[in-house]
Amino acid sequence: MALFVAVFALHYVTPVDEAKEFVDIGAEANLPTWWNSALLFLVAALAATSALTAHGRTRFSWTVIAAAAAYLSLDEAARLHERLARPLLAAGLDTPTYPWLALGAAVGIAGATVLFFAGRSLPRETGRRLALGLGSYGAGALGVEGFNGWIRQNGPDYVFSAGLILEEGLEMFGCIIAVGAIADYLASRLQRSQDLVEAENAH
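See the structure below:
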């Protein structure tokens, strides 16, 4: 009975095409987009919290990371990067992949370079994990998406679909790595603070 109700609701209350679009990783303004944006916002919130508890260069590094993650969260929801295609389209230039990637790759590489140097003042293990997360995210957002833009025009649909899954998977994986790295960093700082308090109380 429950299965019948679920199937009825799927077909007659929520049209199948709309349900598919709601979970389509290749579409916009849907559940996967919200999830990616939320993950990036969580990275930004954790990095901002780390900045509040840090000092000197470390605080600056966490502030840079928080700002970058907040921008990426906004970009994921509002698709700001697609505006980078306007100059190329206005000039009538043809590209083998998505037009925005021509400028987006330069912006992404510049941003990754800034984040790399910002991460050098962080604890080594934290910096390594964040670099891994950044590499995974960049590989999906620039590398695989560039291939997807080309294969969408020239290749079979199933390859494009597989590319979309890989692209979004790498981006999500990168965010999850970053969340874990920053959460562990905050937990270790909290533990050290508790140890200091216990040591002072012992005396």
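If you use our numbering, the sequence shown corresponds to residues 602 to 804, in order. Ideal Cβ placement from N, Cα and C applies to all residues, glycine included.
(request) Name the residue from 719, 738 and 689 whose alpha carbon lies nearest to the alpha carbon of residue 779. (result) As a position in the sequence shown, residue 779 is number 178, starting the count at 1. For the set 719, 738 and 689, the Cα lying nearest the Cα of residue 779 is the one of 738.
(message) Looking only at its chain, what residues have a beta carbon closer than 6 Å to the beta carbon of residue 722, apart from the 5 residues adjacent to it on each side?
(response) Within the sequence shown, the letter at position 121 stands for residue 722. Around residue 722: 658, 659 and 662.
(message) Would residue 675 and residue 638 qualify as a contact pair, given that the criterion is a beta-carbon distance under 9 Å?
(response) Along the sequence shown, read from residue 1 onward, the residue named residue 675 stands at position 74. Along the sequence shown, read from residue 1 onward, the residue named residue 638 stands at position 37. Against a cut-off of 9 Å, the Cβ pair of residue 638 and residue 675 comes out as a contact.
(message) With three or more beta-carbon pairs closer than 8 Å as the criterion, would you say the segment 732-751 touches the segment 767-775?
(response) The segment 732-751 is in contact with the segment 767-775.
(request) Return the residue from the list 792, 789 and 775 that minimises the CA-CA distance to residue 643. (result) The count along the sequence shown starts at 1 and reaches residue 643 at position 42. Measuring from the Cα of residue 643, the nearest candidate turns out to be 775.
(request) Could you tell me the distance, in whole angstroms, from the CA atom of residue 656 to the CA atom of residue 664? (result) Taking the first residue of the sequence shown as 1, we reach residue 656 at position 55. Taking the first residue of the sequence shown as 1, we reach residue 664 at position 63. Whole-angstrom Cα-Cα distance: 11 Å.
(request) Could you tell me if residue 749 is buried or exposed, where buried requires 16 or more neighbouring beta carbons within 10 angstroms of its beta carbon? (result) What you label residue 749 is simply residue 148 of the sequence shown in a count that begins at 1. For residue 749, the number of other beta carbons within 10 angstroms of its own is at least 16, and it is reported as buried.
(request) Could you tell me whether any Cβ in chain D is nearer than 9 Å to the Cβ of residue 797? (result) Within the model displayed, chain D is absent; a lone protein chain is all it includes.
(message) Only counting the same chain, and skipping five residues up and downstream in sequence, which positions put a Cβ closer than 6 Å to that of residue 631?
(response) Stepping through the sequence shown from its first residue, residue 631 is reached at position 30. Excluding residues within five positions, the ones whose Cβ falls inside 6 Å are 623.
(request) Return the CA-CA distance between residue 605 and residue 628, expressed in angstroms with no decimal places. (result) To locate residue 605, count along the sequence shown from 1; it is residue 4. To locate residue 628, count along the sequence shown from 1; it is residue 27. Below a pLDDT of 50, predicted positions are generally treated as unreliable, and residue 605, at 46, falls in that range; the measurement from the model is reported next regardless. Straight-line measurement puts the Cα of residue 628 at about 29 Å from the Cα of residue 605.
(message) Pop quiz: residue 703 and residue 689 are said to be a contact at Cβ under 8 Å. What is the actual Cβ separation, rounded to whole angstroms?
(response) Start at 1 with the first residue of the sequence shown, and residue 703 comes out as number 102. Start at 1 with the first residue of the sequence shown, and residue 689 comes out as number 88. Yes, they are in contact, since the Cβ atoms of residue 703 and residue 689 sit about 6 Å apart, within 8 Å.
(message) Which same chain residues end up closer than 7 Å to residue 790 when comparing Cβ atoms and leaving out the 5 residues on each side of it in sequence?
(response) For the purposes of this step, residue 790 is taken as residue 189 along the sequence shown, with counting starting at 1. Scanning its chain for C-beta atoms nearer than 7 Å, with the 5 sequence neighbours on each side dropped, one finds around residue 790 the residues 654, in chain order.
(request) Determine the DSSP secondary structure at residue 627, reduced to helix, strand or coil. (result) What you label residue 627 is simply residue 26 of the sequence shown in a count that begins at 1. When DSSP states are grouped into helix, strand and coil, residue 627 belongs to the coil group.
(request) Please report the Cβ distance between residue 787 and residue 650, rounded to the nearest whole angstrom; I am assuming they are in contact, meaning their Cβ atoms lie under 8 Å. (result) Residue numbering aside, residue 787 sits at position 186 when the sequence shown is read from its first letter. Residue numbering aside, residue 650 sits at position 49 when the sequence shown is read from its first letter. So it is a contact: roughly 6 Å between Cβ atoms.
(message) Which same chain residues end up closer than 8 Å to residue 695 when comparing Cβ atoms and leaving out the 5 residues on each side of it in sequence?
(response) Counted from its first residue, the sequence shown places residue 695 at position 94. So no residue of the chain qualifies.
(request) Take residue 732 and list the residues in its own chain whose beta-carbon comes closer than 8 Å to its own, dropping the five residues that flank it on each side. (result) Sequence index remark: in the sequence shown, residue 732 carries index 131 (1-based). Correct list, in chain order: 717 and 720.
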